[in-house]
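Under the UniProt record's numbering, the first residue of the sequence shown is numbered 1, with each subsequent residue one higher. The beta carbon of each residue, even a glycine, is placed where N, CA and C say it ideally should be. Comments concern the structure below.
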Amino acid sequence: MTGSLPTLTDLAASGAPFALIAREGASVEVLRGDVVDVDRLADIPLDDPDGTPREVLALVPFRQVVERGFVCHDDRAPLRCLRVADHDSLPLAEALRQLPSERVPLEDAGFDISDEDYADIVRRVIADEIGRGEGANFVIRRDFTATVETDAVTAGLTWFRALLQHERGAYWTFLVVTDGHVAVGASPEAHVSARSGAPAEPGTSIVTMNPISGTFRHPRGGATAETLTEFLSSTKETEELFMVVDEELKMMSAVCSDGGRITGPHLKEMSRLTHTEYMLRGSSTMDPRDILRETMFAPTVTGSPMQNACTVIARHERTPRGYYSGVAALFTPAAGGGHDLDAPILIRTAYLVDGRLRVPVGATLVRHSDPAGEVGETHGKAAGVLGAIGAVDRDEAPAVIAGTTTVDEDAPAAHRPRLGDDPTIAALLSSRNARLAQFWLDPQAAGGGPYAGREVLVVDAEDRFTTMLGHQLHHLGFAVRIAPWHEVTDAAVDEAGLVVFGPGPGDPRDGASPRIARMRELVGRRADAGRPLLAVCLSHQILADRLGIALAPLASPHQGLQKSVDVFGQPASIGFYNTFTARVAPGTERLGDTEIAADPSSGDVYALRGPGYASVQGHLESILSRDGLPTLERLVGFALEPVPA
Ligand SMILES: C=C(O[C@@H]1C=C(C(=O)O)C=C[C@H]1O)C(=O)O
Ligand SMILES: NC(=O)CC[C@H](N)C(=O)O
Numbered sequence: 001m002t003g004s005l006p007t008l009t010d011l012a013a014s015g016a017p018f019a020l021i022a023r024e025g026a027s028v029e030v031l032r033g034d035v036v037d038v039d040r041l042a043d044i045p046l047d048d049p050d051g052t053p054r055e056v057l058a059l060v061p062f063r064q065v066v067e068r069g070f071v072c073h074d075d076r077a078p079l080r081c082l083r084v085a086d087h088d089s090l091p092l093a094e095a096l097r098q099l100p101s102e103r104v105p106l107e108d109a110g111f112d113i114s115d116e117d118y119a120d121i122v123r124r125v126i127a128d129e130i131g132r133g134e135g136a137n138f139v140i141r142r143d144f145t146a147t148v149e150t151d152a153v154t155a156g157l158t159w160f161r162a163l164l165q166h167e168r169g170a171y172w173t174f175l176v177v178t179d180g181h182v183a184v185g186a187s188p189e190a191h192v193s194a195r196s197g198a199p200a201e202p203g204t205s206i207v208t209m210n211p212i213s214g215t216f217r218h219p220r221g222g223a224t225a226e227t228l229t230e231f232l233s234s235t236k237e238t239e240e241l242f243m244v245v246d247e248e249l250k251m252m253s254a255v256c257s258d259g260g261r262i263t264g265p266h267l268k269e270m271s272r273l274t275h276t277e278y279m280l281r282g283s284s285t286m287d288p289r290d291i292l293r294e295t296m297f298a299p300t301v302t303g304s305p306m307q308n309a310c311t312v313i314a315r316h317e318r319t320p321r322g323y324y325s326g327v328a329a330l331f332t333p334a335a336g337g338g339h340d341l342d343a344p345i346l347i348r349t350a351y352l353v354d355g356r357l358r359v360p361v362g363a364t365l366v367r368h369s370d371p372a373g374e375v376g377e378t379h380g381k382a383a384g385v386l387g388a389i390g391a392v393d394r395d396e397a398p399a400v401i402a403g404t405t406t407v408d409e410d411a412p413a414a415h416r417p418r419l420g421d422d423p424t425i426a427a428l429l430s431s432r433n434a435r436l437a438q439f440w441l442d443p444q445a446a447g448g449g450p451y452a453g454r455e456v457l458v459v460d461a462e463d464r465f466t467t468m469l470g471h472q473l474h475h476l477g478f479a480v481r482i483a484p485w486h487e488v489t490d491a492a493v494d495e496a497g498l499v500v501f502g503p504g505p506g507d508p509r510d511g512a513s514p515r516i517a518r519m520r521e522l523v524g525r526r527a528d529a530g531r532p533l534l535a536v537c538l539s540h541q542i543l544a545d546r547l548g549i550a551l552a553p554l555a556s557p558h559q560g561l562q563k564s565v566d567v568f569g570q571p572a573s574i575g576f577y578n579t580f581t582a583r584v585a586p587g588t589e590r591l592g593d594t595e596i597a598a599d600p601s602s603g604d605v606y607a608l609r610g611p612g613y614a615s616v617q618g619h620l621e622s623i624l625s626r627d628g629l630p631t632l633e634r635l636v637g638f639a640l641e642p643v644p645a
């Protein structure tokens, strides 16, 4: 097929749709075919009408979250599929020779939201969202925009070339040209991939996710072991990565029968930035389109809990996202049938439509975010793309992002060694895992736990930590059913042998929220019946309230905090994701039938137990809970203890 491959400039001039992808440094893949726009992921045409499997490259817009019932500013951006007819490969040197390098002038360049306004958004998200229990971390974006007179496809080719030459460490460097739409970028982050397993396991694929979070902007002259060490020692950056790993493990637990296991952390070293990352791996029997649906979209570019993050994004972003934080999904027919999937996240990408350039960038906002720091981070993230498109000087430092007054201190220095190979850095990175739950670091042994033969109903209150809980409960031997709060019937709650009420966003005192009102009803009903229940986080707060214990906001949220607490006589290192707390007078250990495990000085309640029930403020299922599984087993044991007549 390569024989018929026109030069890249002829291909561009033909007006036909095409895509260029550099996945490994040595070559550029050239994909040609026709384009169809479809409504839903399930409609992606993986097979021709005669049943022949077909390779498809799909651009999945952020608005696709509506398929999961999540909220967004809906721009109706099409789910665009390039049905690949020809897939060729060009040596990198040849591609570089063919690609244009003339500078593309930009007019009216600058961020749509000023630095001051972005800093205000950061403050509001910390105070009004994290500070009100809506979640732990949120990514809010801003767009760098400009007018471009140059022909769009020529501009795309030019920028693709510049990214190949000047960015490094990208997972995919790519250009996708379809009618009237050019997307060109160098994304560091694989969202999800699914590769067919050994022929012995037909229908099974190995699923990989790659959460990247924590951003180190290289100082002038490049990163050094000293400056990187300082970054790696930052609590904020460390916890930020742990939080997104937790959120992606929720997704892994939903799509993988073995829940997934984590390896890392590693460094992702780019020209101007270094990120930290983990790899999550598990096996799944799901169709790759379903895997994609269940994982829409990465918490590293949205937030957690993911569903509420969409609501928060809609509240604080003023315009729709288009493809930003969606994925480019390449479905390739697999030797043993079905399709493999490779899907980088659409970040660090420039879009050119109708002469308007848009480069969206965001930062992960957490409880201890510094507004100025997050502003700087968005500049740093844009700089890789903006360097390529000539909006910042590429090789000189300091450079200035056109249209702003901010000095770009992230300009790349030539040829630095990889710092991940430095033994001190490697040791510092791997020391992070000592804080984490062994359960998620080890391959998990199958079944046979102490509760084999029993059933549990897990009620989901819009935080899919329930999938991780479900996985741990399964490990303890239970047959697990997870049901969302709005589908669960009274009868189901009455009949289950054990009910676990899950965590969720929001203020537990907010009875006007239909979700919280229903959770109150269900927890109350089960508690009144005196049948075994375990309540987690939001549900623990609801149970505490019902038992007459006061609820209050914490002075500063514990969203993504690891803490060692006493749980009925045993110390446990546990992860917390709460803004509110149940609180008793310090020293209170009992209220009626209820035994209370609380902080001796603040009176903040960590756990409760009584006849037929137990509850916990922390998340035993989180990677942050080093003592999570044994504590869960203890609490389940308390809840299932026979109630004296
Ligand atoms: C949100 C973006 O990047 C993501 C956010 C990161 C962070 O907050 O540290 C790091 C890498 C990406 O997962 C972006 O590039 O727009
Ligand atoms: N994870 C949770 O369930 C959090 C509960 C509640 N929304 C809080 O922030 O305190």
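Taking only heavy atoms of ligand 2 into account, decide whether any of them is closer than 8 Å to the Cβ of residue i.
i: residue 55; result: no
i: residue 461; result: yes
i: residue 379; result: no
i: residue 536; result: yes
i: residue 532; result: no
i: residue 545; result: no
i: residue 478; result: no
i: residue 105; result: no
i: residue 619; result: yes
i: residue 577; result: yes
Following a CB-centred definition, is residue i positioned closer than 8 Å to any heavy atom of ligand 1?
i: residue 238; result: no
i: residue 362; result: yes
i: residue 192; result: no
i: residue 214; result: yes
i: residue 218; result: no
i: residue 324; result: yes
i: residue 300; result: yes
i: residue 67; result: no
i: residue 139; result: yes
Using a Cβ-Cβ cut-off of 6 Å (strictly less than) and excluding sequence neighbours within five positions of residue i, which residues of its own chain qualify?
i: residue 181; result: 353
i: residue 173; result: 22, 163, 164, 186
i: residue 190; result: 171, 210, 344
i: residue 278; result: 211, 245, 262, 264, 265
i: residue 568; result: 597
i: residue 714; result: Residue 714 cannot be examined here, being either before or after the span of the chain that is shown, 1 to 645.
Excluding the five sequence neighbours on either side, which residues of its own chain have a C-beta within less than 7 Å of the C-beta of residue i, listed in chain order?
i: residue 156; result: 175, 177, 182, 184, 352
i: residue 433; result: 441
i: residue 413; result: Any reading at residue 413 is ruled out, since the residue's pLDDT is 42, under 50, leaving its predicted position unreliable.
i: residue 563; result: 574, 576
i: residue 123; result: 371
What whole-angstrom Cβ distance do residue i and residue j have, given they're in contact under 8 Å?
i: residue 502; j: residue 455; result: Not confirmed; about 16 Å, so no contact.
i: residue 296; j: residue 616; result: Contact doesn't hold; Cβ gap of about 30 Å is too wide.
i: residue 217; j: residue 377; result: 7 Å
i: residue 621; j: residue 472; result: 6 Å
i: residue 465; j: residue 250; result: 6 Å
i: residue 612; j: residue 639; result: 7 Å
i: residue 253; j: residue 205; result: That belief does not hold up - the Cβ atoms of residue 253 and residue 205 are roughly 16 Å apart, past 8 Å.
i: residue 672; j: residue 140; result: Past the boundaries of the shown model lies residue 672; the chain is included only from 1 to 645, so the question cannot be answered.
i: residue 523; j: residue 535; result: 6 Å
i: residue 61; j: residue 79; result: 6 Å
i: residue 167; j: residue 270; result: 6 Å
i: residue 102; j: residue 158; result: 7 Å
Leaving aside the five residues before and after residue i along the sequence, list all residues of the same chain whose C-beta is less than 8 Å from its C-beta, in chain order.
i: residue 636; result: 451, 473, 476, 498, 534, 614
i: residue 323; result: 59, 60, 61, 62, 77, 183, 346, 349, 351
Query raised in the report: How about the region 241 to 250 and the region 340 to 358: do they share at least three Cβ pairs that are nearer than 8 Å?
Result: Counting C-beta pairs with one atom in each stretch, the region 241 to 250 and the region 340 to 358 have fewer than three that are closer than 8 Å, which means they do not touch.
Report task. Pair every Cβ in the region 126 to 134 with every Cβ in the region 362 to 382, then say whether three or more of these pairs are closer than 8 Å. Result -> As far as the Cβ criterion goes, the region 126 to 134 touches the region 362 to 382, which means the pair count is three or higher.
Query raised in the report: Within the chosen definition, does the region 572 to 590 reach the region 544 to 553 through at least 3 CB pairs nearer than 8 Å?
Result: Yes, the region 572 to 590 is in contact with the region 544 to 553.
Report task. Report yes or no: do the region 367 to 384 and the region 552 to 570 share at least 3 C-beta pairs separated by less than 8 Å? Result -> Using a Cβ-Cβ distance cut-off of 8 Å, the region 367 to 384 and the region 552 to 570 are in contact, since at least three pairs of beta carbons, one from each stretch, lie closer than that value.
Query raised in the report: Is it true that the region 102 to 109 meets the region 203 to 211, where meeting means three or more beta-carbon pairs spaced less than 8 Å apart?
Result: Short answer: they don't touch.
Query raised in the report: With a cut-off of 8 Å, do at least 3 Cβ pairs link the region 80 to 96 to the region 336 to 352?
Result: Result no; under three Cβ-Cβ pairs closer than 8 Å.
Query raised in the report: Counting Cβ pairs closer than 8 Å, one from the region 9 to 20 and one from the region 30 to 39, do we hit at least three?
Result: At 8 Å Cβ cutoff, the stretches touch.
Query raised in the report: Counting Cβ pairs, one atom from each stretch, are 3 or more of them under 8 Å apart for the region 290 to 310 and the region 326 to 340?
Result: Under the 8 Å Cβ criterion, the region 290 to 310 counts as touching the region 326 to 340, having at least three qualifying pairs.
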